[in-house]
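This report refers to the structure that appears directly beneath it.
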Amino acid sequence: MKVLVIEDHAADIKLSNLVLSTALHEVAAVEAAEQALAAIKEDRPQLILLDLDMPSVDGLALARKLKAEPDTRDICVVAVTFYPEQYPKDAALAAGCDAYLLKPIDTCELSD
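Under the working numbering, residues 1 to 112 are what the sequence shown spells out, in order.
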């Protein structure tokens with residue numbers, strides 16, 4: 001499965017890449033929403049792990065954009081956050097995210 005990790009913290013990118021690659025997934029990672037849109041057009045993933053607390057574009061806004069576009073609306077988007085008070089699960093699901101994970105991510109949960 002092709003997975004795109006959209007995350008601005010290098011340690012979280014490394015962890016996601018390690019766990020998902022071990023599970024035989026093809027993993028790519030980008031650090032910003034603008035890079036994500038280009039990566040999705042270039043090599044469409046089946047799953048996106050989306051950090052909601054991004055520096056330039058809010059992750060919820062990116063999720064809404066992806067789910068509004070016909071070419072990307074069926075990609076599974078998993079919201080990931082360290083700040084559940086700022087980015088609650090119901091807001092992520094309302095933005096179109098298909099699932100919600102809290103950081104630090106449980107590696108067993110991520111590999112499922």
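No residue lacks a Cβ here, since even glycine has one placed at the ideal position from N, Cα and C.
Note that the structure is a prediction, hence the values are computed from the model and not measured.
- Spatial neighbours of L110 in its own chain (CB-CB distance under 6 Å, excluding positions within 5 residues in sequence) are listed in chain order as V19.
- Shown here, C108 sits in a helix according to DSSP, grouped into three states.
- Apart from the 5 residues on each side of it in sequence, P88 has no Cβ closer than 8 Å to any other Cβ in its chain.
- For E26, no alpha helix (DSSP H) run applies; the uninterrupted beta strand (DSSP E) run containing it begins and ends at E26 to V30, by DSSP.
- Annotated as proximal: V27 and V3, with beta-carbon spacing under 7 Å.
- No residue range can be given for D43, since it is assigned to no beta strand (DSSP E) and is classified by DSSP as neither H nor E.
- For V3, the enclosing beta strand (DSSP E) has its first and last residue at K2 to I6.
- Under the three-state reduction of DSSP, T81 is assigned to strand.
- No Cβ-Cβ contact shorter than 7 Å links D53 with Y100.
- DSSP places A11 outside any beta strand (DSSP E); the residue lies instead in the alpha helix (DSSP H), whose first and last residues are A10 to T22.
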